[in-house]
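Below: the structure, in structure tokens.
The following block contains the structure:
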């Protein structure tokens, strides 16, 4: 029986690559999207072409009030598509960036970052725990910016730092169910994060590449397969870890 992974923000960027990588490793996927329904359908089609099952569900991870309805949608999708009442792995990937100095950060920016990256991760995981199978995996996305500092990312990095601490508590409190919890922390990656700044701005790309031991910025294909591997049985004894996937950035 194939494992089923729920990947938030799976319609684009690192979430998309993670969802497809899971399928390539033989897993099935429930993926979420907030606005990109067409992108989500394209990911489902690509996963289906790989011979795996996939379903896309809409979710705003910053809207806690919507979580009960989402849980029911997950329950229905599991029954309709797999004839099951449990999924195996939860990948909390969905998120966004806000770049502003401490003096310029607004309350709205701060609240949105913490609503999505901290409150959303905490309460979505809580809401989904009754549907998670024992022996499953939780992977929470953090950032290389929790280890080093760059001007403009104070609120974003603080939110991701909170996710890293939360992951430790998930590992401790859910260990009795055989559920592992780990954080992955990508470095500079060519995605549409911050409007594609690293991907589309040569000066940024070159500047970050110069900080990385392997001499280039990362690609989504550097991240998704690593997450998929972490979900596999060979990593069943890895929990409560922060795993940086950055090519050796700022070492």
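Residue numbers (the working numbering): 26 to 276. C-beta: ideal position from N, C-alpha, C; glycine also.
Tell me which residues share the same chain as residue i and place their Cβ nearer than 7 angstroms to its Cβ, disregarding the 5 neighbours each side in the sequence.
| i | result |
| --- | --- |
| residue 86 | 33, 119, 141, 145, 149 |
| residue 274 | 169, 212, 213, 236, 237 |
| residue 239 | 272, 273 |
| residue 125 | 134, 177 |
Select from the options the residue whose C-alpha is nearest the C-alpha of residue i.
| i | options | result |
| --- | --- | --- |
| residue 29 | 94, 110, 251 | 110 |
| residue 95 | 154, 243, 67 | 154 |
| residue 251 | 125, 184, 166 | 166 |
| residue 62 | 84, 152, 256, 90 | 84 |
| residue 75 | 93, 164, 44 | 44 |
| residue 108 | 173, 73, 27, 66 | 27 |
| residue 270 | 207, 143, 258, 231 | 207 |
| residue 267 | 143, 174, 130, 185 | 185 |
Between residue i and residue j, what straight-line distance do the alpha-carbon atoms span, to the nearest angstrom?
| i | j | result |
| --- | --- | --- |
| residue 71 | residue 55 | 13 angstroms |
| residue 176 | residue 197 | 33 angstroms |
| residue 205 | residue 261 | 7 angstroms |
| residue 181 | residue 122 | 7 angstroms |
| residue 209 | residue 164 | 7 angstroms |
| residue 65 | residue 35 | 7 angstroms |
| residue 60 | residue 216 | 17 angstroms |
Which same chain residues end up closer than 8 angstroms to residue i when comparing Cβ atoms and leaving out the 5 residues on each side of it in sequence?
| i | result |
| --- | --- |
| residue 156 | 96, 99, 100, 103, 110, 111, 112 |
| residue 80 | 54, 55, 56, 69, 102, 106 |
| residue 200 | 264 |
| residue 90 | none |
For residue i, which residues from the same chain have a beta carbon less than 6 angstroms from its beta carbon, with the 5 sequence-adjacent residues on both sides left out?
| i | result |
| --- | --- |
| residue 279 | In this structure the chain extends from 26 to 276, so residue 279 is not present and cannot be described. |
| residue 127 | 179 |
| residue 161 | 113, 114, 204 |
| residue 253 | 46, 47, 50 |
| residue 241 | 234 |
Review point. Between the stretch 40-56 and the stretch 125-136, do three or more beta carbon pairs fall short of 8 angstroms?
Key: No, the stretch 40-56 does not touch the stretch 125-136.
Exercise for review: Just list the beta strand (DSSP E) runs in the stretch 52-82, keeping only unbroken ones of 3 residues or longer that don't cross its boundaries, in chain order.
Suggested key: 53-58
Check your understanding: Between the stretch 247-254 and the stretch 178-198, do three or more beta carbon pairs fall short of 8 angstroms?
Key -> no
Review point. Which parts of the stretch 78-148 are runs of the alpha helix (DSSP H), unbroken and 4 residues or longer, counting only runs that do not cross its ends?
Key: 92-107, 132-139
Practice item. Taking only runs that begin and end inside the stretch 169-255, name each unbroken alpha helix (DSSP H) of 4 or more residues, in chain order. Key: Counting whole runs of 4 or more residues, the stretch 169-255 contains the alpha helix (DSSP H) stretches 179-199, 222-225, 227-234, 245-255.
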